[in-house]
Amino acid sequence: MVRDRFAPSPTGNVHVGSLRTALYNYLYAKKMGGEFLLRLEDTDQTRLEAGAVENLLDALNLTGVIPDEGLQKINGTITQAGAHGPYIQSERLNIYKKYIDILLEMGQAYYCFCSKERLEEVRNAQKEKGETPRYDGKCRELTKDEIKKNLEAGLPYTIRLKFPKNHVIRFDDLVRGVIEMNTDDLDDQVLLKADGFPTYHMAVVVDDHLMEITHVIRGEEWLPSTPKHVYLYECFGWDPPYFVHLPNILNDDRKKLSKRQGDVSVGDFLAKGYLPEALVNFLALLGWSPETEQEIFSMAELIDAFDLSRVNKSGAVFDRAKLNWMNAHYIKELPIDRLVNHLTPFLVQAGLLGSNEVHDKQDWLIKIAELLRERIEYFAQAPQELEVILNSDIVITDPEALALLQEESSKRLFEAIVTKIEASETLDANRGKAILKEIQKEEKIKGKLLYMPSRIMITGEMHGPDLTLIMDVLGKDEVLTRIKSAASFMK
Ligand code: GLU
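If you read the sequence shown in my numbering, its first letter stands for residue 7, the second for the next number, and so on.
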C-alpha cells in the first residue's frame, strides 16, 4: 500500500511551497488508495517557533489536506494518531540513538570530537585555497582508546557517517530518472549533534523506514541530500522508498519565490481573502500538469487526475495574476451564504459595517455581496470596491459617457426616470427593472441608449455590476440625488 508523508519543520508560517508538497503527497495517497501521514521534524531546536505547529495544522485543515495518520488537530486539540508513533521527532530520541549505535557497531559511523572552532579554521583554510569546504576526516580513524579517553574527559562530540572512498550511490527519482553520486564528493555527514539530537538526515531515514513510507515526495532542495539518505538505507540493509523531487517555485524573475516580491505564506493569502479551494487548485497546477487543458479542479477532481508521471522537472513560476484570476472564478461561484460569510469580516474591519449590525443587515449584505462578487479578485479588495459603489460624488469624465448623455434620447430618459422614481414608493431591483421597461415602451428608447445613460447617471461609469441591483442597494433617495446631479453633465 502507498504510504507517503508530509514532514515539515515547525519554523513559523507555512510557505505555499510546503502546502504544495503536502498537497501532492495527499493527492497521491488518495489516488492510490493509500495513506498520507504527517510527521513533525523538530530536531533543529534552534529554529522552533511558538504557535508554528498550530499554524501548520490549521492551514492543512482549512485547505482540506488532511492526514490519515500522525499529527492532527481535531476539534481544536492536537493529537497523534496511528500505529507508527510518536510522530514528533523530538519524542523519538531513543529510537535514533538505537540506530546510531548500530551504525557505530558496524563501523559505518564514528565519533568526531572536533570543536566548532577547529571546523571553522579548516573551512576557512580550504576556502582560501579555493577548495570546496568540507570535513577533513581528522576523527575518522580514532582508536578505541582515544575515543574512550575523550569520552571520559567529557569532550563534546558528534557522530558522523563514514562514507567509503570512491563508492557510487545510485537512486531513481521517479521524475528525474537515475541520479548518481560518488561518495568522494560528499562530506562525512553529521548524524547526531552535540546536543544529543539527530540531524535531519539520520532522523528522516530512520522514520521513513519505521513508518513504512513507500514514497518520499518533497521539494527539489532536498535532492542533494538524497544520496546520503540512500547510503544510510544501504548501511542498514533497508529497501529505500521511491523518491520524487518537486520543482522549485519561482518568482517572475525565475529566482526562488521570496517574501520580497509579495506574500509567500498560506496564512497571508488566507488573511487577504483568498479561498482555500482556489489556493489548492492553483498550487496543484504549480509543478504538475493534467492531461487536458482543464484549469479549474475540485479536490475530488484533482485526486482523480493526479499522476506523479506528470510532475514537471523545471521550476514553476508563481503567477500571482493567475492566482487572482482563479480566486475571482471561485468567488463568482460561491453560494451566497458563504460569500456573505467571507465578506463580512473584511467590511467590519474596514468600518463599513458595525460588528453588531451583521445580523440585522443580512438583506443588505446579500445585495452588496452580489454586487461585489463581480468586482473583486480577493476579499481584501471588497471595502474599497464597496466605497466606490457607495460614493455619491459622481464625476463623469469619459468622453464617450459624456457624448451618450448628450444624445437627444438621454434628455427624455432623464425626465422619465426622475418622474417614475419620484412616483415610486420605494426603489428595489424589481421596481428598477420595471421602470426601465416602461421607459423602453413609452419613450421608445432601447438597448445601449437606454441602459448606458441610466448607468452613467447613477454610477458615473459605463460598466459595472447589474444596474437594478445597484438601484436596490442605493435606494430611492440616493439614486434620485445622483441622477439629478448628473444633469449638470447633460447640458
Ligand atoms: N523537514 C524537512 C522540511 O522541512 C522535510 C524534508 C523531507 O520531506 O524529507 O522540508
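Yeah, the Cβ is synthetic: ideal placement off N, Cα and C, and Gly gets one too.
By a beta-carbon distance limit of 8 Å, E301 does not contact Y336. Their separation comes to about 12 Å.
When C-beta atoms of the stretch 355–366 are compared with those of the stretch 427–439, fewer than three pairs fall below 8 Å, so the two segments do not count as touching. A distance below 6 Å between beta-carbons, with the five flanking residues on each side excluded, links N156 to the following residues of its chain, in chain order: F119.
Taken in chain order, the complete alpha helix (DSSP H) segments of 4 residues or longer contained in the stretch 370–446 are 388–396, 405–412, 414–429. DSSP lists no bridge partner for S121.
In summary, V174 is exposed, with fewer than 16 beta-carbon neighbours lying within 10 Å of its beta-carbon over all protein chains present.
Beta-bridge partners assigned by DSSP to F42: D10. Just measuring C-alpha positions, the residue of Q390, I153, P14 sitting nearest A58 is P14. Going by C-alpha positions, S121 is about 17 Å away from Q132. Here M217 carries a coil assignment [DSSP, helix/strand/coil]. Annotation for D64: the continuous alpha helix (DSSP H) segment containing it runs 58–69. Approximately 11 Å separates the beta-carbon atoms of F177 and V250; this is outside 8 Å, ruling out the contact. According to the DSSP secondary-structure assignment, S271 is paired through a beta bridge with H21.
Nearest to A89 by alpha-carbon distance, out of S460, G70, E218, V22, is E218. For W244, the distance from the CB to the nearest heavy atom of the ligand GLU is not below 7 Å. For A87, same chain residues with a beta-carbon under 8 Å away, outside a window of 5 residues either side, are E75, G76, Q78 in chain order. The ligand GLU never approaches V174 closely enough for any of its heavy atoms to be under 7 Å from the residue's Cβ.
If you draw a straight line from the Cα of T487 to the Cα of L377, it comes to about 20 Å. Listed in chain order, the non-local C-beta contacts of I106 below 8 Å within the same chain comprise A115, I165, L197, L198, P204, M208, local neighbours out to five positions each way being set aside. Per DSSP, Q355 lies in no beta strand (DSSP E) segment; the continuous alpha helix (DSSP H) that holds it begins and ends at 342–355. In the DSSP assignment, L77 forms a beta bridge with Q86.
Inter-segment contact for the stretch 265–273 and the stretch 21–33 is present: three or more beta-carbon pairs are separated by less than 8 Å. Collapsing the DSSP output to three states places V317 in a strand. Excluding the 5 residues flanking it on each side, T138 has same chain C-beta neighbours closer than 8 Å at Q132, in chain order.
DSSP places K171 in the coil class of the three-state scheme, outside both helix and strand. Taking the Cβ of S271 as the reference point, every heavy atom of the ligand GLU lies at 7 Å or farther away.
Take Y206, set aside five residues on each side of it, and the residues of its chain with a beta-carbon closer than 7 Å to its own are E47, T49, in chain order. Annotated as proximal: K234 and L167, with beta-carbon spacing under 8 Å. Burial of W294 is indicated by the presence of at least 16 other C-beta atoms within 10 angstroms of its C-beta.
Here K450 carries a coil assignment [DSSP, helix/strand/coil]. Per the Cβ contact rule, the stretch 481–496 is in contact with the stretch 423–433 (3 or more Cβ pairs under 8 Å). In the three-state reduction of the DSSP assignment, M468 falls in the coil class. Taking the Cβ atoms as the reference, L345 lies roughly 5 Å from A375, within the contact range of under 8 Å.
Around the beta carbon of E41, 16 or more other beta carbons sit within 10 angstroms, so the residue counts as buried.
Between P16 and L68, the beta carbon gap of about 17 Å keeps them out of contact (Cβ cut-off 8 Å). By the Cβ neighbour-count rule, N130 is exposed, with fewer than 16 other Cβ atoms within 10 Å of its own.
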